[in-house]
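Enquirer:
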Amino acid sequence: MAVTVEELYRNYGILADAKDNLSQHKDAYQAILDGVKGGPKEKRLAAQFIPKFFSNFPELADAAINAQLDLCEDEDVSIRRQAIKELPRFAAGENLPRVADILTQLLQTDDSAEFNQVNVALISIFKIDAKGTLGGLFTQILQGEDIVRERAIKFLSTKLKTLPEDVMTKEVEDFVFTETKKVLEDVTGEEFVLLMRVLSALKSLQTVAGRQQLVELVVEQAFLEQALNPTDADNVDRLLQCTRQALPLFSKNVHSTRFVTYFCDHVLPNLSTLTSPVAELDIQLEVLKLLAEMSPFCGDMEKLEANLTMLFEKLVEFMPLPPENAENGENAGSEEPKLQFSYVECLLFSFHQLGKKLPDYLIDKIDAERLKDFKIRLQYFARGLQVYIRQLRVALQGKTGDALKTDENKIKVVALKITNNINVLIKDLFHNPPSYKSTVTLSWKPVQKTEAAAQKRPSGEEVGAGAGAGGVVKKASPLPRRDARQIYNPPSGKYSATIGNFTYEQRGGFRGGRGRGWGGRGNRSRGRIY
33 MAVTVEELYR NYGILADAKD NLSQHKDAYQ AILDGVKGGP KEKRLAAQFI PKFFSNFPEL
93 ADAAINAQLD LCEDEDVSIR RQAIKELPRF AAGENLPRVA DILTQLLQTD DSAEFNQVNV
153 ALISIFKIDA KGTLGGLFTQ ILQGEDIVRE RAIKFLSTKL KTLPEDVMTK EVEDFVFTET
213 KKVLEDVTGE EFVLLMRVLS ALKSLQTVAG RQQLVELVVE QAFLEQALNP TDADNVDRLL
273 QCTRQALPLF SKNVHSTRFV TYFCDHVLPN LSTLTSPVAE LDIQLEVLKL LAEMSPFCGD
333 MEKLEANLTM LFEKLVEFMP LPPENAENGE NAGSEEPKLQ FSYVECLLFS FHQLGKKLPD
393 YLIDKIDAER LKDFKIRLQY FARGLQVYIR QLRVALQGKT GDALKTDENK IKVVALKITN
453 NINVLIKDLF HNPPSYKSTV TLSWKPVQKT EAAAQKRPSG EEVGAGAGAG GVVKKASPLP
513 RRDARQIYNP PSGKYSATIG NFTYEQRGGF RGGRGRGWGG RGNRSRGRIY
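So for the sequence shown, our numbering puts the first residue at 33; every next one is plus one.
(1) Helix, strand or coil: which one does DSSP assign to residue 307?
(2) For my contact list, residue 157 and residue 165 are in at a C-beta cut-off of 8 Å; report their separation, rounded to the angstrom.
(3) Alpha carbon to alpha carbon, what distance is there between residue 237 and residue 246?
(4) I'd like to know if the segment 380 to 390 and the segment 398 to 409 are in contact, where contact means that at least 3 CB-CB pairs between them fall below 8 Å.
(5) Return yes when the C-beta of residue 220 is under 7 Å from any heavy atom of the ligand COA, and no when it is not.
(6) With distances taken between CB atoms, is the gap from residue 106 to residue 69 smaller than 8 Å?
(7) Confirm, please, whether the CB-CB distance from residue 409 to residue 352 is below 8 Å.
(8) Which one of 381, 392 and 445 has the shortest CA to CA distance from residue 471?
(9) At what residues does the alpha helix (DSSP H) containing residue 463 begin and finish?
(10) Suppose contacts are defined by Cβ-Cβ distances below 8 Å. Is residue 118 in contact with residue 79 by that definition?
(11) Along the alpha helix (DSSP H) that carries residue 342, what are the first and last residues, could you check?
(12) Closest to residue 421 by C-alpha separation, out of 446, 430 and 254, would be which residue?
(13) Which first and last residues belong to the alpha helix (DSSP H) in which residue 111 is found?
(14) Taking residue 60 as part of the alpha helix (DSSP H), name the residues at either end of that continuous run.
(15) May I have the straight-line CA-CA distance separating residue 132 from residue 344, to the nearest angstrom?
(16) Would you please state the rounded distance, in angstroms, between the beta carbons of residue 299 and residue 327? I believe it to be under 8 Å.
(17) Counting pairs of Cβ atoms below 8 Å between the segment 270 to 282 and the segment 249 to 256, do you hit three or more?
(18) Between the C-alpha atoms of residue 148 and residue 182, what's the straight-line distance to the nearest angstrom?
(19) Smallest Cα separation from residue 394: which of 340, 95, 413 and 349?
(20) CA-CA distance, residue 266 and residue 208?
(21) Which value, in whole angstroms, describes the spacing of the CA atoms of residue 199 and residue 222?
(22) Got a sec, what are the start and stop residues for the alpha helix (DSSP H) residue 398 sits in?
(23) Give the DSSP-derived three-state secondary structure of residue 35 in the structure shown.
Below, the structure is given as structure tokens:
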């Protein structure tokens with residue numbers, strides 16, 4: 033016979049009045065446990081009464097936890113929320129990892145209020161025992177259903193960084209690192225990004241040695257020891273994602289050498305055949321931008337000359353010779369070569385950065401005929417640059433504020449940054465011997481605050497002028513996020529009408545093709561395993 037509300041209150045009173053003699057009233061606590069078999073009112077009371085006296089009846093611990101779990105799965109969402117709210121009160125001693133495991137499984141709920149309640153409960157037991165809570169979370173990440181794994185990883189990526197230092201101790205962070213490495217043995221692209229976010233936020237990995245450890249993890253995922261299959265979109269996608277994760281970790285002490293070498297060995301030779309993982313993505317521009325961003329952090333290279341040669345050859349491809357009738361001052365019309373400014377900015381910047389390590393490359397390693405051909409191309413490109421720079425400055429002169437925020441003017445501001453950067457770098461290469469001393473800020477990168485602060489308040493014309501002789505942009509223009517792609521490639525002085533803006537979504541999977549993008553990581557759906 034089901035327990036009534038009156039009986040629940042009576043048994044609650046017995047236990048509340050017993051004080052030091054609680055253990056003698058086991059039958060009263062058992063009656064409260066039986067409340068989970070009653071109606072909605074009885075269940076709500078049971079959800080509150082069971083945890084209140086839980087610690088006084090260790091011999092009924094399993095029965096009490098199971099009774100509370102029944103309530104966590106009740107059809108009535110209000111009962112579920114009440115039961116979940118009380119779950120942290122069971123999280124003591126050896127029961128805590130089990131409660132953490134249960135709460136992690138409950139993340140699969142589609143009810144937003146219930147989901148938030150689970151999050152709150154998990155955070156509360158984190159403050160009791162962070163390592164034990166992580167044990168429950170990682171157990172489900174490694175063995176649970178896909179939806180639970182996905183939400184547990186997202187929980188870690190968003191919540192760990194909010195926990196105070198007295199919770200996220202060095203021991204706890206070491207545990208996170210160890211367990212995350214296990215998870216990384218089989219992850220999708222999206223999971224990899226989220227887990228790298230978890231690790232990158234750990235205070236113990238903010239040192240040079242810590243960042244180097246993170247780079248090593250990314251290198252393992254990137255499969256840099258294998259040749260790139262340029263026609264395999266997932267293969268290309270993995271490289272892009274890994275490179276993007278490694279990029280913020282590079283510095284003068286944590287080098288990008290292996291990635292830069294891989295790009296020179298495997299990506300640049302296959303640039304025209306790369307298969308984009310996203311339809312709207314200009315894959316050639318994407319990889320060239322990544323290479324340019326990595327190149328300043330390159331250390332000593334075994335294949336420096338070979339890498340410079342590959343960059344040189346690719347640069348020549350994108351820097352056309354002048355039309356035969358151009359010398360006569362005739363208009364080449366539709367036959368005039370298009371100047372791929374965005375591509376050239378990336379390649380020229382990368383060549384300039386690596387060239388610092390071998391400053392005599394253009395003098396000693398390139399024969400006179402090829403060097404002459406290269407300088408003709410540079411000169412022709414530079415002439416085209418001057419035309420565009422003048423046109424852009426005139427178009428932007430006097431424009432400030434909202435006027436610069438129109439789509440057309442955004443394109444022109446970006447174009448001006450690109451052309452000014454190329455102009456500065458070409459001037460360096462025209463020195464005899466070539467110089468590698470100028471500094472430019474890549475057109476899609478924000479201006480460093482120290483640089484911006486050093487500038488006077490710019491006029492509209494100066495915004496149009498963009499980078500000066502030193503290549504420092506005087507005012508950051510309104511730009512899309514870094515993952516928005518832009519290419520400025522105007523033929524014969526005409527400007528593009530649009531900038532291609534889109535969100536680059538991670539896709540595909542890692543580790544032997546077991547990712548969701550490659551046919552699924554494997555179906556772990558087994559139902560709840562409380």
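For each residue, glycine too, the CB sits at the ideal point set by N, CA and C.
Expert: In this structure, then:
(1) coil
(2) 5 Å
(3) 8 Å
(4) no
(5) What this structure holds is no ligand at all, so the ligand COA is not there to describe.
(6) No, the pair does not count as a contact, with Cβ atoms beyond the cut-off.
(7) yes
(8) 381
(9) That residue, residue 463, is in no alpha helix (DSSP H); it is neither H nor E in DSSP.
(10) yes
(11) 336 to 349
(12) 446
(13) 109 to 118
(14) 58 to 65
(15) So the two alpha carbons sit approximately 56 Å from each other.
(16) Wrong, their Cβ atoms sit about 13 Å apart, outside the cutoff.
(17) yes
(18) In a straight line, the C-alpha of residue 148 is about 16 Å away from that of residue 182.
(19) 340
(20) 28 Å
(21) Rounded to whole angstroms, residue 199 to residue 222 spans 27 Å at the Cα level.
(22) Note, residue 398: premise wrong, no alpha helix (DSSP H); not H, not E.
(23) coil
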